[in-house]
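Heads up: the sequence shown is residues 918 to 1111, going by the working numbering.
The beta carbon of each residue, even a glycine, is placed where N, CA and C say it ideally should be.
Bear in mind the structure is a predicted one, so any value in this text is a computation, not a measurement.
Just below is one structure, and these are the notes that go with it.
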Amino acid sequence: MVNALQVSELTLPGPVSPSQATAAPPAKPCVISCEVGPAYRQALLDLFARSSPDTRRSRFHQALSVFPQRYLDEILTGRQPALVARDTCQEENHGKVFGLASATPAALGTAEFAVWIDDAWQGHGVGTLLVRGILRLLAEQGTHTAIGIMEPDNLAIRRLVGRIAPGAAARFEDGMIVVSVPLPDWAAAQSAGS
Ligand SMILES: CC(C)(COP(=O)(O)OP(=O)(O)OC[C@H]1O[C@@H](n2cnc3c(N)ncnc32)[C@H](O)[C@@H]1OP(=O)(O)O)[C@@H](O)C(=O)NCCC(=O)NCCS
918 MVNALQVSEL
928 TLPGPVSPSQ
938 ATAAPPAKPC
948 VISCEVGPAY
958 RQALLDLFAR
968 SSPDTRRSRF
978 HQALSVFPQR
988 YLDEILTGRQ
998 PALVARDTCQ
1008 EENHGKVFGL
1018 ASATPAALGT
1028 AEFAVWIDDA
1038 WQGHGVGTLL
1048 VRGILRLLAE
1058 QGTHTAIGIM
1068 EPDNLAIRRL
1078 VGRIAPGAAA
1088 RFEDGMIVVS
1098 VPLPDWAAAQ
1108 SAGS
């Protein structure tokens, strides 16, 4: 089974319509992150198809109309570590993924992470789950520094990174904000806090 590694989970019922807003969240964890494998190809293509132009542009820093083939191949084959978010509670979400975090190996000991959440699921904590998961995975694999490149007006990712990696250094480069997370320090702080 390709998605055997469950790295984290949170209790989250998923997006609800206003008429369902008072429904109690399920008692068991619903949203989990799993390592990506070949079985996720169609679910990832579907995630891309459901994503708005704004979300695609924020993730890829350009308006793409198709999932970049090389990137897809690299995450499906494990050449780039990657995690997806799945909902394990609601039957209608079976087989779907609604978030992807991945990391491109860069210079020795460094990897560039990126994350992207289905529009309907943004603002529910899934990005936080996936970024924590990919940083943890990189730290376990011995990566020393995780780099994130974000547009200055992308407040959601800036807040997310500022909250889960407050020790990250940030600099401006070519109109973008580049954050560097020192992973041994980050992992030690996570262990101390848990
Ligand atoms: C950025 C992104 C990954 C965040 O994931 P998410 O699941 O929506 O984020 P979370 O729910 O975990 O919350 C992260 C923070 O951003 C805030 N947030 C979420 N959506 C927001 C929005 N549209 N505008 C402003 N803030 C937002 C949350 O309130 C939270 O802030 P807090 O910690 O101060 O409460 C997601 O919005 C996304 O996929 N955006 C498009 C692609 C992208 O920008 N990728 C990052 C490029 S590296």
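Status (buried if at least 16 other CB within 10 Å, exposed otherwise) for residue i
{"i": "PRO998", "result": "buried"}
{"i": "HIS1011", "result": "exposed"}
{"i": "GLY1044", "result": "buried"}
{"i": "SER968", "result": "buried"}
{"i": "VAL983", "result": "exposed"}
{"i": "SER1108", "result": "exposed"}
{"i": "GLY1110", "result": "exposed"}
{"i": "ARG1076", "result": "exposed"}
As assigned by DSSP and simplified to three states, the class of residue i
{"i": "GLY1092", "result": "coil"}
{"i": "PRO1101", "result": "helix"}
{"i": "GLY1065", "result": "strand"}
{"i": "ARG996", "result": "coil"}
{"i": "ALA1024", "result": "coil"}
{"i": "SER982", "result": "coil"}
{"i": "ASP990", "result": "helix"}
{"i": "VAL1014", "result": "coil"}
{"i": "SER1111", "result": "coil"}
Inter-residue Cα distance where the pair is residue i and residue j
{"i": "ILE949", "j": "PHE1030", "result": "19 angstroms"}
{"i": "CYS951", "j": "LEU964", "result": "15 angstroms"}
{"i": "GLY1115", "j": "TYR988", "result": "Residue 1115 lies beyond the residue range present for the chain, which begins at 918 and ends at 1111; the question has no answer from this structure."}
{"i": "GLY1092", "j": "LEU981", "result": "20 angstroms"}
{"i": "PRO1022", "j": "VAL1098", "result": "14 angstroms"}
{"i": "GLY1084", "j": "ASP1102", "result": "8 angstroms"}
{"i": "THR1060", "j": "ILE1051", "result": "11 angstroms"}
{"i": "LEU1100", "j": "LEU962", "result": "30 angstroms"}
{"i": "PHE1089", "j": "GLY1079", "result": "15 angstroms"}
{"i": "GLU991", "j": "LYS1013", "result": "20 angstroms"}
{"i": "THR1005", "j": "TYR957", "result": "15 angstroms"}
{"i": "ALA1086", "j": "ILE1066", "result": "12 angstroms"}
Continuous beta strand (DSSP E) stretch holding residue i: start and end
{"i": "VAL948", "result": "948–952"}
{"i": "THR1027", "result": "1027–1034"}
{"i": "SER972", "result": "A small correction: the amino acid at residue 972 is Thr; Ser does not occupy that position in the sequence shown. Segment 970–977 is the alpha helix (DSSP H) holding THR972; no beta strand (DSSP E) there."}
Cβ neighbours of residue i in the same chain (closer than 6 angstroms, five flanking residues each side left out)
{"i": "GLN1039", "result": "none"}
{"i": "LEU1054", "result": "PRO998"}
{"i": "THR972", "result": "ASP1036"}
{"i": "PRO985", "result": "none"}
{"i": "LEU1017", "result": "VAL1001, TRP1033"}
{"i": "PRO1069", "result": "ILE1094"}
Enclosing alpha helix (DSSP H) for residue i [first to last residue]
{"i": "PHE965", "result": "958–967"}
{"i": "ALA1085", "result": "No alpha helix (DSSP H) holds ALA1085; DSSP gives it neither H nor E."}
{"i": "ALA1056", "result": "1043–1057"}
Contact set for residue i: own chain, Cβ-Cβ below 7 angstroms, skip 5 residues either direction
{"i": "LEU1047", "result": "SER950, LEU1000, ALA1002, GLY1016, ALA1018, VAL1032"}
{"i": "ASN1071", "result": "SER975"}
Near ligand 2: residue i beta-carbon under 7 angstroms from a heavy atom
{"i": "TRP1033", "result": "No copy of ligand 2 appears in this structure; the ligands present are ligand 1."}
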